[in-house]
Amino acid sequence: MIKGNNGFLKFMRLFSLGYMGGTIYLLMYVRYVFYAQVMDALQCTNAQLGFLNTICSIVSFPLTLIGAYWADKLDAKNVILFTVSAITVLSFVWAAFPHSYTVALLIFVGQAIVMMAYWACLVKYINNLG
Numbered sequence: 001m002i003k004g005n006n007g008f009l010k011f012m013r014l015f016s017l018g019y020m021g022g023t024i025y026l027l028m029y030v031r032y033v034f035y036a037q038v039m040d041a042l043q044c045t046n047a048q049l050g051f052l053n054t055i056c057s058i059v060s061f062p063l064t065l066i067g068a069y070w071a072d073k074l075d076a077k078n079v080i081l082f083t084v085s086a087i088t089v090l091s092f093v094w095a096a097f098p099h100s101y102t103v104a105l106l107i108f109v110g111q112a113i114v115m116m117a118y119w120a121c122l123v124k125y126i127n128n129l130g
């Protein structure tokens, strides 16, 4: 690991955290860009496609409240690393089964569970950069 606390390293840490914060939600919101293609691949209706984000939001709301508590108890760097790794695994699982609505539903619920402490840990880690 790179040791040091100079300005360039702080900027690179902040840049990488911002990049992760911006790209971690791409899997969940890819349906807005490729709306017709996702509907064709999953063979679902507009309502079913909207239900994916609805169920993710319903599951993530109470878990985010719990995740804020866990952010104080757990190491922020490890939580961020776990979340990014788990989202990567979920992305590959969805890529392996792109035509299954059931798998997509499980992936979206999995995202909500995996990301429960992510934002709180991200803010905590950025605040600790100095």
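Each residue of the sequence shown is one higher than the one before, starting from 1 at the first, in the numbering used here.
Beta carbons: idealized from backbone N, C-alpha and C, even for Gly.
- Take the alpha-carbon of A68 and the one of L105: they are about 25 Å apart.
- Counting along the chain, L17 sits inside the alpha helix (DSSP H) bounded by residues 7 to 23.
- One Cα belongs to G50, the other to R13, and the distance between them is close to 35 Å.
- If you check the CB distance, G110 and L81 do not come in under 7 Å.
- Bounds of any alpha helix (DSSP H) do not take in T45, whose DSSP letter is neither H nor E.
- Here L63 carries a helix assignment [DSSP, helix/strand/coil].
- According to the DSSP assignment, G130 belongs to no alpha helix (DSSP H), since it is labelled neither H nor E.
- Taking a C-beta distance under 7 Å as the contact criterion, A71 and C121 qualify as a contact pair.
- Boundaries for M115: no alpha helix (DSSP H) harbours it, and the DSSP string shows neither H nor E there.
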